[in-house]
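J.: Under our numbering, the letters of the sequence shown match residues 40 to 318, in that order. Here it is, the structure in full.
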Amino acid sequence: MPLSLITVNVGAPSLDRARRQLRWLAERSEDVLVLTETKATAGSQFLAEAFTAAGYAVTFPEHAPGELGVMIISKLAVTPDPLSTAMDYLPARAAGVVVDTTDGPLRVAGAYVPSRDSSADKTERKMTWLQRFQDALDHTANDTPLLLLGDLNVLEPTHTPAHRGQFAPFEYAFYTGLTDRHHLVDLFRHLHPDQVEHSWARRPELGYRYDHAHGSFTLAERLTVCDYVHETRKIGRGGTRLTDHSGLAVQLTLDPTSTLLTSDPAAASTSAEPEPTLF
Numbered sequence: 040m041p042l043s044l045i046t047v048n049v050g051a052p053s054l055d056r057a058r059r060q061l062r063w064l065a066e067r068s069e070d071v072l073v074l075t076e077t078k079a080t081a082g083s084q085f086l087a088e089a090f091t092a093a094g095y096a097v098t099f100p101e102h103a104p105g106e107l108g109v110m111i112i113s114k115l116a117v118t119p120d121p122l123s124t125a126m127d128y129l130p131a132r133a134a135g136v137v138v139d140t141t142d143g144p145l146r147v148a149g150a151y152v153p154s155r156d157s158s159a160d161k162t163e164r165k166m167t168w169l170q171r172f173q174d175a176l177d178h179t180a181n182d183t184p185l186l187l188l189g190d191l192n193v194l195e196p197t198h199t200p201a202h203r204g205q206f207a208p209f210e211y212a213f214y215t216g217l218t219d220r221h222h223l224v225d226l227f228r229h230l231h232p233d234q235v236e237h238s239w240a241r242r243p244e245l246g247y248r249y250d251h252a253h254g255s256f257t258l259a260e261r262l263t264v265c266d267y268v269h270e271t272r273k274i275g276r277g278g279t280r281l282t283d284h285s286g287l288a289v290q291l292t293l294d295p296t297s298t299l300l301t302s303d304p305a306a307a308s309t310s311a312e313p314e315p316t317l318f
């Protein structure tokens with residue numbers, strides 16, 4: 040079976056929204072879920088506990104109070120990737136695991152880049168995090184292919200619409216540096232060189248492709264799917280939606296080897312009775 044993954048910004052969910060997100064996530068077929076904009080609050084903790092109770096491998100870095108970050112949920116056995124400990128600034132915003140495939144190990148990293156406004160402190164925070172993250176990528180680079188997923192809060196220089204007044208040179212430089220410095224391919228652009236897609240929008244005509252998948256050149260050769268999943272931000276019953284971001288699903292012609300025995304996390308989250316003993 041091909042290896043499949045999806046990244047979704049869950050928007051620091053309330054407990055009520057996290058319950059709805061869990062039902063949606065539980066029905067997904069992907070092997071690995073990379074959730075961004077998690078938080079040390081009841082909603083994110085609920086998701087982590089539900090998937091853990093169902094047998095998934097859950098990587099949920101400790102979040103400082105009020106800070107945002109990343110959670111990686113896997114149906115496959117994982118080992119920690121060194122990226123998880125290489126970040127020394129807002130460390131919960133980056134996490135990494137290693138999964139085994141018949142072609143060898145694969146590094147899977149999740150990132151939630153800080154957003155900013157025009158203020159000097161938030162601009163400095165974003166610039167510093169991007170610098171430290173690139174340093175961590177350099178420090179942990181090895182021959183194992185890397186797949187980076189998440190909400191990067193940057194745009195490609197050729198983005199449509201341009202939004203030129205909203206982004207600084209250092210933000211575009213980070214995007215291009217993922218390829219020029221770190222040898223990672225924008226996987227969506229690899230499959231869809233001219234397609235206009237947006238994963239977040241204040242208004243339909245003013246969308247942004249914030250959520251990304253970048254992979255080593257060898258992974259681009261194994262890529263079969265890299266598509267946005269827009270249903271996550273469609274208005275549902277009751278006038279609510281799961282999140283204000285689209286997901287991004289990726290599929291590679293790699294066969295995972297160490298699949299965990301998992302159950303339905305939605306059922307695990309509502310079970311109030313302990314499992315009966317067999318003796």
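Glycine residues also receive a C-beta, built at the ideal position from the N, C-alpha and C atoms.
Residue 166: which of 154, 121 and 175 sits nearest, CA to CA?
T.: Locating residue 166 in the sequence shown gives position 127, counting from the first residue. Selected option, being the one with the closest Cα: 154.
J.: Residues bridged to residue 119 by DSSP?
T.: Position 80 of the sequence shown, counted from the first residue, corresponds to residue 119. Note: residue 119 sits in a beta bridge opposite 136.
J.: Would you say the beta carbon of residue 241 comes nearer than 7 Å to a heavy atom of the ligand ATP?
T.: In the structure shown, the ligand ATP is absent, as is every other ligand, since no ligand is present at all.
J.: Please determine, among 191, 222, 212 and 254, the residue with the shortest C-alpha to C-alpha distance to residue 239.
T.: Mapped onto the sequence shown, residue 239 falls at position 200. The shortest C-alpha separation from residue 239 is found at 191.
J.: Run through DSSP, which three-state label would residue 309 get?
T.: For the purposes of this step, residue 309 is identified with residue 270 of the sequence shown, where counting begins at 1. Here residue 309 sits in helix by DSSP.
J.: Starting from residue 179 and walking both ways along the alpha helix (DSSP H), at which residues does that stretch end?
T.: Stepping through the sequence shown from its first residue, residue 179 is reached at position 140. Residue range 159–179 is occupied by the alpha helix (DSSP H) that includes residue 179.
J.: How do the segment 110–121 and the segment 265–278 stand: do at least 3 beta-carbon pairs fall below 8 Å, yes or no?
T.: no
J.: Take residue 125 and list the residues in its own chain whose beta-carbon comes closer than 6 Å to its own, dropping the five residues that flank it on each side.
T.: Numbered from 1 along the sequence shown, position 86 holds the residue referred to as residue 125. Taken in chain order, the residues that qualify are 175, 178 and 179.
J.: List in chain order: all unbroken beta strand (DSSP E) runs of 3+ residues lying wholly within the segment 183–208.
T.: 185–190
J.: Under 8 Å between the Cβ atoms of residue 301 and residue 50?
T.: In the sequence shown, residue 301 corresponds to position 262, counting from 1. In the sequence shown, residue 50 corresponds to position 11, counting from 1. Contact: no.
J.: Of the choices 52, 200 and 55, whose alpha-carbon is the least far from that of residue 242?
T.: As a first step, residue 242 is located in the sequence shown; it is residue number 203 there, counting from the start. Closest by alpha carbon: 200.
J.: Roughly how many whole angstroms lie between the Cα atoms of residue 259 and residue 218?
T.: Walking along the sequence shown from the start, residue 259 turns up at place 220. Walking along the sequence shown from the start, residue 218 turns up at place 179. About 12 Å.
J.: Identify every run of the beta strand (DSSP E) within the segment 280–307, keeping only runs that are complete inside it and at least 3 residues long; order them along the chain.
T.: 286–291
J.: Here's the rule I'm using: 16 or more other beta-carbon atoms within 10 Å means buried, otherwise exposed. How should residue 149 be labelled?
T.: Counted from its first residue, the sequence shown places residue 149 at position 110. Under this definition residue 149 is a buried residue.
J.: Identify, in the order they occur along the chain, each residue of the same chain with its Cβ nearer than 7 Å to the Cβ of residue 333, setting aside the five sequence neighbours on each side.
T.: What the structure shows of the chain is the stretch from 40 to 318, and residue 333 is not part of that stretch, so it cannot be assessed.
J.: Can you name the start and end residues of the alpha helix (DSSP H) that residue 257 belongs to?
T.: Against the sequence shown, residue 257 aligns to sequence position 218. Element bounds for residue 257: 256–259.
J.: Based on the DSSP secondary-structure assignment, which residues constitute the bridge partners of residue 75?
T.: Reading the sequence shown from its first residue, position 36 is the one you call residue 75. Its beta-bridge partners are 48 and 109.
J.: In angstroms, rounded to a whole number, what distance separates the CA positions of residue 251 and residue 123?
T.: As a position in the sequence shown, residue 251 is number 212, starting the count at 1. As a position in the sequence shown, residue 123 is number 84, starting the count at 1. Residue 251 and residue 123: Cα-Cα distance of roughly 19 Å.
J.: Just mark residue 292 as buried or exposed, buried being the case when its beta carbon has 16 or more other beta carbons within 10 Å.
T.: As a working note, residue 292 is residue 253 in the sequence shown. Flag for residue 292 reads exposed.
J.: So what does residue 151 bridge to, in DSSP terms?
T.: The sequence position of residue 151 within the sequence shown is 112, counting from 1. Partner(s): 190.
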